[in-house]
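K.L.:
Letter by letter, the sequence shown follows residues 4 to 394 of my numbering.
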Amino acid sequence: MAEAFDVIIIGAGIMGCSSAFQLATRGLKVCVLEKSVIGAGPSGKSSAIIRQHYSNEVTARMAFHSLRVFQNFADVVGGDAGFRRTGFLVLTPEKDLEGLKANVAMQRRVGIDTQIIESTEVVRRWPFLETADLVAAAYEPESGYADPNLTLNSYVQAAKGRGATFKLETEVTGVRFMGDKVQGVDTTEGSFDAPVVVNCAGPWGARVARFAGIGVPIDSCRVQVAFFRRPRGYEVGHPVVADFNHAVYWRQETGSLTLVGLIDPSEKDAVVDPEAYRETVDSDFVADVGERLVKRFPAMERSEHTGGYAALYDITPDWHPLMDELIEGSGFYICAGFSGHGFKLGPAVGLMVADMVGGSITPGMDRRLFRLNRFAENDPVRGRYKYSIAG
Ligand SMILES: Cc1cc2nc3c(=O)[nH]c(=O)nc-3n(C[C@H](O)[C@H](O)[C@H](O)COP(=O)(O)OP(=O)(O)OC[C@H]3O[C@@H](n4cnc5c(N)ncnc54)[C@H](O)[C@@H]3O)c2cc1C
Numbered sequence: 004m005a006e007a008f009d010v011i012i013i014g015a016g017i018m019g020c021s022s023a024f025q026l027a028t029r030g031l032k033v034c035v036l037e038k039s040v041i042g043a044g045p046s047g048k049s050s051a052i053i054r055q056h057y058s059n060e061v062t063a064r065m066a067f068h069s070l071r072v073f074q075n076f077a078d079v080v081g082g083d084a085g086f087r088r089t090g091f092l093v094l095t096p097e098k099d100l101e102g103l104k105a106n107v108a109m110q111r112r113v114g115i116d117t118q119i120i121e122s123t124e125v126v127r128r129w130p131f132l133e134t135a136d137l138v139a140a141a142y143e144p145e146s147g148y149a150d151p152n153l154t155l156n157s158y159v160q161a162a163k164g165r166g167a168t169f170k171l172e173t174e175v176t177g178v179r180f181m182g183d184k185v186q187g188v189d190t191t192e193g194s195f196d197a198p199v200v201v202n203c204a205g206p207w208g209a210r211v212a213r214f215a216g217i218g219v220p221i222d223s224c225r226v227q228v229a230f231f232r233r234p235r236g237y238e239v240g241h242p243v244v245a246d247f248n249h250a251v252y253w254r255q256e257t258g259s260l261t262l263v264g265l266i267d268p269s270e271k272d273a274v275v276d277p278e279a280y281r282e283t284v285d286s287d288f289v290a291d292v293g294e295r296l297v298k299r300f301p302a303m304e305r306s307e308h309t310g311g312y313a314a315l316y317d318i319t320p321d322w323h324p325l326m327d328e329l330i331e332g333s334g335f336y337i338c339a340g341f342s343g344h345g346f347k348l349g350p351a352v353g354l355m356v357a358d359m360v361g362g363s364i365t366p367g368m369d370r371r372l373f374r375l376n377r378f379a380e381n382d383p384v385r386g387r388y389k390y391s392i393a394g
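1. Straight-line CA distance for ALA51 to GLN186?
2. Beta-carbon within less than 6 Å of ARG88's beta-carbon, same chain only, minus the 5 sequence neighbours each way: which residues are those?
3. Does the distance between the C-beta of SER207 and the nearest non-hydrogen atom of ligand 1 fall short of 7 Å?
4. Return the residue from the list THR191, TYR252, ALA197 and VAL175 that minimises the CA-CA distance to LYS184.
5. Just tell me which of GLY42, ASP317, VAL292 and LYS389 has its CA closest to the CA of LEU155.
6. Would you report the Cα separation of ARG64 and GLY177, rounded to the nearest angstrom?
7. Could you check if PHE346 belongs to the surroundings of ligand 1, using beta carbon to heavy atom distance under 7 Å?
8. Need the endpoints of the beta strand (DSSP E) that MET326 sits in, please.
9. Name, in chain order, the residues that DSSP records as bridge partners for LEU31.
10. Does ligand 1 have a heavy atom nearer than 7 Å to the CB of GLY264?
11. Given 7 Å as the limit, tell me if GLU256 has its C-beta closer than that to any heavy atom belonging to ligand 1.
12. Which of the three DSSP states is assigned to PHE67 in this structure?
13. How would you call THR283, buried or exposed, if buried means at least 16 neighbouring beta carbons within 10 angstroms?
14. Report yes if the CB atom of GLU60 is closer than 8 Å to the CB atom of PHE195, and no otherwise.
15. Taking all protein chains shown into account, do 16 or more other C-beta atoms lie within 10 angstroms of the C-beta of LYS389, making it buried, or fewer, making it exposed?
16. What distance in whole Å lies between the Cβ atoms of GLU143 and GLY90, which are believed to be in contact at a cut-off of 8 Å?
17. May I ask you to check if the CB of GLY311 is nearer than 7 Å to at least one heavy atom of ligand 1?
18. Please name the residue in PRO366, ILE318, VAL211 and HIS308 whose C-alpha comes closest to that of ARG233.
19. Just the C-alpha distance for ARG305 and VAL356, rounded to the nearest angstrom, thanks.
20. On a Cα-Cα basis, can you pick out the residue from LEU31, GLY47 and TRP322 that is closest to LEU375?
21. If we ignore side chains and look at the alpha-carbon of each, how far apart do VAL243 and HIS249 end up?
22. How do the region 222-238 and the region 255-267 stand: do at least 3 beta-carbon pairs fall below 8 Å, yes or no?
23. If PHE300 sits next to PHE131, beta carbons under 8 Å apart, how far is it from one beta carbon to the other, in whole angstroms?
24. Kindly provide the ranges of any beta strand (DSSP E) runs that are 3 or more residues long and lie completely inside the region 99-176, ordered along the chain.
25. So, PRO350 versus SER21, is the Cβ gap smaller than 8 Å?
26. According to DSSP, what are the bridge partners of THR190?
27. Please return the same chain residues whose Cβ sits closer than 6 Å to the Cβ of GLU145, not counting the five positions on each side in sequence.
28. Does the beta carbon of GLY19 fall short of 7 Å from some heavy atom of ligand 1?
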């Protein structure tokens, strides 16, 4: 007879692990099935920037809640998330000024510690930044970045401590139904039963949904990051920067390194097979992001390139996730499509998945914004910027 659980989660990325923690905390018997190892997908390669700057209130609240968890991880979850508070700076050109102001006003209503600062103030605080092209900036002193693999492993330990089971190198190959109700899954290691199955498979989310004959608009897209060693005199570090003028983001990394990636809507066009894509960084990407970095941080002209890699975003048409029951009343749910900005939301998402399975809604965190039907209803989640990933 197949081993039976209350809930089966497919995928041990941040969403699967955080959801397992929350569901197990609510007393459910949870099993996470992972085809590889913990964090094998984008979660383990995430830049893991924890910022709160979003365009809509639900995601801002999710980010606000999640930052509190990252700040107090040992008490709230247990273990370490490697959170480092560096501050987060958004830099904008003229065309984004109104969006920036509206976002900051909304975020302050939510309780987020953020403020608009003039470019003269940016120079005063961070004299190494070039600001001639800037109109304004927003600054969140409490934000920073986490260590993705530490975070995942802490969630796994905490979930196991509450009775959850993790089966690694166990690939789900099918989802079984009895009539309209999900019954369990088939895997490379046998079958498992549960009345609830949650697809947390990230870039493989569309493939897993197809096991039940359902099409979901999630593309698996190749994205890259590069590392540069800061020159002598700049070892101390810098805040996380989202530079809209040059469509680039960067944060510090250990060893006097700066990690750089793009904020580029065209990343959605690099659709690849998540099982077969080039994982090394392209030299033209390194040259491109290096130039963008130097325009804002001129001393990086003397930096040394020290490598990089490619990973995957799971991108939906509006760059926001799907959190929904895929067939109403079936017990088959999806929580995927975080489109390159999900890591920071992981703690809130776990809560929302537990709510979704239990049929409740935590005030302020209404998952219905992320329903699958929004695309058919022509009611996508709308941001205030064209940099879709900025949310
Ligand atoms: C380079 C990069 C930088 C990023 N930077 C940031 C950032 O700074 N801040 C931020 O908030 N977000 C960032 N993100 C986005 C963030 O990392 C993702 O949104 C998040 O990690 C997605 O987590 P997930 O759990 O949904 O998916 P994943 O991490 O993809 O986990 C899915 C898991 O499912 C498993 N799986 C798939 N199919 C099956 C199957 N059939 N059976 C069993 N297991 C299966 C996979 O092996 C994988 O481990 C970044 C992403 C990348 C790639």
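The beta-carbon is built from N, C-alpha and C at its ideal position, and this holds for glycine as well.
Note that this is a predicted model, so its numbers are computed, not measured.
P.N.:
The answer reads as follows:
1. 35 Å
2. GLY147
3. This sequence places Trp at residue 207; Ser is not what is there. Yes, since a heavy atom of ligand 1 falls inside the 7 Å radius drawn around the Cβ of TRP207.
4. ALA197
5. GLY42
6. 35 Å
7. yes
8. 325-328
9. The partner list for LEU31 (beta bridge, DSSP) is empty, contrary to what the question assumes.
10. yes
11. no
12. helix
13. exposed
14. no
15. exposed
16. 7 Å
17. no
18. HIS308
19. 46 Å
20. TRP322
21. 15 Å
22. yes
23. 6 Å
24. 118-121, 139-143 and 168-170
25. yes
26. VAL175 and GLY193
27. ASP116
28. yes
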